[in-house]
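The listed protein sequences correspond, in order, to chains A and B.
Quick note on numbering: the first sequence equals residues 82 to 196 in my numbering.
Quick note on numbering: the second sequence equals residues 838 to 950 in my numbering.
Heads up, the beta-carbon is just placed ideally off N, CA and C, and yes, glycines get one too.
Predicted model, so just to flag it, every value in this text is computed and none were measured.
I have placed the structure first, in the form of structure tokens, so that the comments after it can refer back to it.
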Amino acid sequence: GAGVSQTPSNKVTEKGKYVELRCDPISGHTALYWYRQSLGQGPEFLIYFQGTGAADDSGLPNDRFFAVRPEGSVSTLKIQRTERGDSAVYLCASSPSPYRGNEQFFGPGTRLTVL
Amino acid sequence: GNSVTQMEGPVTLSEEAFLTINCTYTATGYPSLFWYVQYPGEGLQLLLKATKADDKGSNKGFEATYRKETTSFHLEKGSVQVSDSAVYFCALSPSNAGNMLTFGGGTRLMVKP
């Protein structure tokens with residue numbers, strides 16, 4: 082079956098621009114997570130959705146970052162007024178449910194480069 | 838808050854050598870513990886997990902035991918292969934709702950023939 086997909090795979094933008102990153106989770110998975118991975122580091126949690134609602138957005142670094150999941154499936158991470166420090170690989174993961182210990186299935190990531 | 842510390846790499850071993858990658862954690866309550874692996878050119882995938890104290894997770898010859906007394910979850914394999922070359926991430930998810938992962942910094946393993 083299809084895994085988690087993310088588009089685009091690479092995004093290059095200029096400082097100050099707006100970007101959208103898309104995640105298609107595994108069908109039927111109710112929990113969806115966004116992480117950010119800087120070079121040489123482990124992924125850092127950004128936001129988690131249970132269904133359509135953002136259940137925990139405590140990892141979003143500031144109000145330039147926003148994410149939606151309007152129909153409980155596809156999610157979009159939106160970054161306004163991008164900064165060079167936003168350059169990283171953005172990972173999406175989905176899980177059948179948010180219960181403790183459940184495996185998260187990761188997508189290949191979107192590499193964002195802000196010039 | 839929650840945190841995970843794992844040994845820095847790279848770790849370079851010869852084929853058939855014994856592998857240990859240390860991982861310790863800080864968390865309240867009883868977190869679940871995971872090892873994820875990232876092979877070259879591929880995405881993160883779950884290697885093994887343990888959800889309560891003294892549980893042992895195992896997969897593909899790798900093992901890790903949840904040690905609450907030492908807050909550790911060290912990864913071991915008795916005989917590594919070249920195909921095990923990858924980056925390994927230790928992670929935890931909290932005992933309360935949400936299952937969000939906190940990752941360590943990753944350890945790159947290189948196995949030489």
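Best match in the options for proximity to residue i [C-alpha to C-alpha]
i, options, result
"B:Q843", "B:H911, B:S922 and B:G915", "B:H911"
"B:T908", "B:K897, B:T863 and B:Q882", "B:T863"
"B:Y865", "B:V874, B:E853, B:Y925 and B:G838", "The residue asked about is misnamed: residue 865 of chain B is Thr in this sequence, not Tyr. Ranking B:V874, B:E853, B:Y925 and B:G838 by Cα distance to B:T865 puts B:G838 first."
"A:N143", "A:Q131, A:E184, A:K159 and A:A136", "A:K159"
"A:G121", "B:G898, B:L850, B:F926 and B:S932", "B:F926"
"A:F146", "A:F187, A:T88 and A:G166", "A:G166"
"A:R192", "A:L172, A:Q185 and A:E184", "A:L172"
"A:K92", "A:S119, A:G84 and A:V170", "A:V170"
"B:K905", "B:S922, B:E913, B:G878 and B:T861", "B:T861"
"A:Q161", "A:G182, A:E101 and A:V85", "A:E101"
"B:K889", "A:V195, A:N183, A:T194 and A:L196", "A:N183"
"A:A83", "A:A148, A:T94 and A:G109", "A:G109"
"A:V85", "A:W115, A:T194, A:K96 and A:E95", "A:W115"
"A:D105", "A:E152, A:T194, A:L196 and A:V195", "A:E152"
"B:S922", "B:N859, B:Y876 and B:A854", "B:Y876"
CB contact flag (residue i, residue j, <8 Å)
i, j, result
"A:T163", "A:R103", "no"
"B:L929", "B:Y903", "no"
"B:G941", "A:G123", "yes"
"A:I107", "A:S168", "no"
"A:S178", "A:A112", "yes"
"B:T939", "A:F126", "yes"
"B:V848", "B:T944", "yes"
"B:F899", "B:L884", "yes"
"B:V917", "B:L856", "yes"
"B:G846", "B:L946", "yes"
Per-residue DSSP class, three states only, for residue i
i, result
"B:V919", "helix"
"A:R165", "helix"
"B:K815", "Within the shown structure, residues of chain B are numbered from 838 to 950, placing residue 815 of chain B beyond reach of any answer."
"B:N936", "coil"
"B:M844", "coil"
"B:Y903", "coil"
"A:T157", "strand"
"B:S909", "strand"
"B:Y925", "strand"
"A:Y171", "strand"
"A:Q185", "coil"
"A:L196", "coil"
"B:N839", "coil"
"A:T94", "strand"
Residues of its chain near residue i, where Cβ-Cβ distance is below 7 Å and the 5 sequence neighbours each way are ignored
i, result
"B:N936", "S930"
"A:K98", "T163"
"B:V919", "E852, V948 and P950"
"A:P189", "Q87 and S90"
"A:S236", "Outside the shown range of chain A (82 to 196) lies residue 236 of chain A, about which nothing can therefore be said."
"A:R150", "L113, F130, T133 and S156"
"A:G140", "E125, F126, L127 and I128"
Contacts around residue i, its chain only, beta-carbon distance under 6 Å, and the 5 residues preceding and following it disregarded
i, result
"B:K886", "F871 and G894"
Beta-carbon contacts of residue i that lie in its chain and below 8 Å, excluding the five residues immediately before and after
i, result
"A:A136", "Y129, F130 and P179"
"B:P868", "N839, Y862, L929, S930, P931 and S932"
In chain order, which beta strand (DSSP E) runs of at least 3 residues are fully inside the stretch 100 to 153 of chain A? With a minimum length of 3 residues, the continuous beta strand (DSSP E) runs that stay inside the stretch 100 to 153 of chain A are 100 to 105, 112 to 118, 125 to 131, 134 to 137 and 146 to 149.
To test your reading of the DSSP string, which unbroken beta strand (DSSP E) runs of 3 or more residues are found completely within the stretch 848 to 881 of chain B? Taken in chain order, the complete beta strand (DSSP E) segments of 3 residues or longer contained in the stretch 848 to 881 of chain B are 848 to 851, 856 to 858, 860 to 863 and 869 to 875.
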